[in-house]
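Take a look at the structure below.
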Amino acid sequence: MRDEITLINEAMPNGEASLNNGQEALHLSEEQTQSGMLCSLTKRVMIISPLPERVKSLLVALSADCFDVFSLHDFNKSMLQSLQPELLVYDAIPVVQSPSGNTLQAGAELLESAEQHGVPVLVLLDQQSYAARGTAAIGAAELLVWPAQPEEALHRINRMLMNRPVTAPNSAAEAIRTFKDIYVDLKKMTVDRNGQRIDLTKTEYDLLLHFMSSDGSVLTRESLLDTVWGLQFYGGSNLVDAHIKSLRKKLKDSAVSPKYIVTVRGAGYRLADNRDR
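Per my numbering, the very first residue in the sequence shown carries number 194; after that it's consecutive.
So this is what it looks like as C-alpha cells:
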C-alpha cells in the first residue's frame, strides 16, 4: 500500500489532487468489496454427508445464495428442533461401514423425522444407487443424481422451498420450550426464567435451546461446536466452556450445584436432573 501511495504522489505533484485520487481509489475498492449480494433474509439448510468434500461445491453455492448452511457428518434428530432447518440435504453415498446395504434404508430415521417436522428432503445419490433404488420408501423426499452442477441442486432446493406448504402450528404451545422454570418462546426468540426476561446472545440462545431439545444425554464439546458454531468453524473447546460459563451466569446457575447444566468431567455437558443438586 505504501508503494502505491508513493507512485501516486510521484505521478501527481499536487498533494491535494493525489489525496483525492487516493480517496477515489479507496472508495472504488470498497464498492468492489461490497459488490456481492447483501443477505437481508436467509433460509436454513442442513446438509448431512459422511464425506463433506463431496458436497463442498453445493455448500459454497448455497452460502453465496444467502442460505445459512449447517454441514453435519451424521444425523441426529434432536438437531431438527434445535437448528430448525427449512430443508435437509441427505447425501446417501454408499459407505462401506454403513450398517445397512441400502443407503436409503440407512437414512430411514432421517426421512421419518423430517416428515414429522414437515421439513422437505433432497436425497443425493450416485448413478448406481439411483438405478438400484428399487422400492425404497422415501416419502415426499426428492432424488438427485450427484455429483451434478451445484446450480442444478440450487434450483431444485429453491423450487422445493417455494412449493413447501405453509402450515401454522396447531397451538401456541408448539412454539414453546420449557425446562424447569425456563420458558423459551421460539417465535419471539425470548427466554424467561421464573417469569423474568433473560437477555441472551444468539449463541447462548442456541446453546440453551440445544440442551433443552436433547434427551438429557451428554453433549461433548466437539458436538456442541459442530451444532452451534458449524463444522466450518475452527475454534477450540475452550470457546464452548466460555459460553457455557456466560450462559450459567445469566441463568444464575452454579457449576458446583447445577440446576440447569451439569459438567461431566472429561466428556462434556448435559441437562441437570433433580438429583444433581
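Think of the CB as a built atom: it goes at the ideal place given N, C-alpha and C, for glycine as much as any other residue.
Best match in SER275, ALA301 and ALA254 for proximity to VAL421 [C-alpha to C-alpha]: SER275
- request: Could you tell me which residues DSSP puts in a beta bridge with GLU335?
  value: LEU315
field: beta strand (DSSP E) segment containing TYR283, residue limits
entry: 280-284
message: Please classify ASP419 as buried or exposed, where buried requires at least 16 neighbouring CB atoms within 10 angstroms.
response: buried
field: Integer Cβ distance of GLU397 from LYS443, believed to fall under 8 Å
entry: 7 Å
field: Alpha carbon of ALA346 to alpha carbon of ARG458, nearest angstrom
entry: 43 Å
- request: Could you tell me the distance, in whole angstroms, from the CA atom of ARG349 to the CA atom of ALA465?
  value: 43 Å
task: Output the boundary residues of the beta strand (DSSP E) element that contains MET239.
output: 236-241
query: Between the segment 392-410 and the segment 239-250, do three or more beta carbon pairs fall short of 8 Å?
result: no
query: VAL314 and LEU354 look like a contact to me (Cβ under 8 Å); what is the Cβ gap, rounded to whole Å?
result: Wrong, their Cβ atoms sit about 12 Å apart, outside the cutoff.
query: Excluding sequence positions up to five away, which residues of its chain have a Cβ less than 6 Å from the Cβ of ARG237?
result: ASP261, PRO278 and GLU279
message: The alpha helix (DSSP H) that contains ARG326, what's its start and end?
response: Unbroken run through ARG326: none, as it is neither H nor E.
field: Distance, ILE454 Cα to VAL384 Cα
entry: 16 Å
- prompt: At what residues does the alpha helix (DSSP H) containing ARG508 begin and finish?
  reply: Summary: the structure shown does not reach residue 508, with the chain confined to residues 194 through 470, and so no result is reported for it.
- request: Output yes or no for whether 8 Å exceeds the beta carbon distance between VAL312 and TYR283.
  value: no
task: Could you tell me which residues DSSP puts in a beta bridge with LEU412?
output: TYR462
message: Tell me which residues share the same chain as LEU432 and place their Cβ nearer than 8 Å to its Cβ, disregarding the 5 neighbours each side in the sequence.
response: LEU418 and TRP422
message: Which same chain residues end up closer than 7 Å to ARG386 when comparing Cβ atoms and leaving out the 5 residues on each side of it in sequence?
response: ASP374, ILE375 and LEU444
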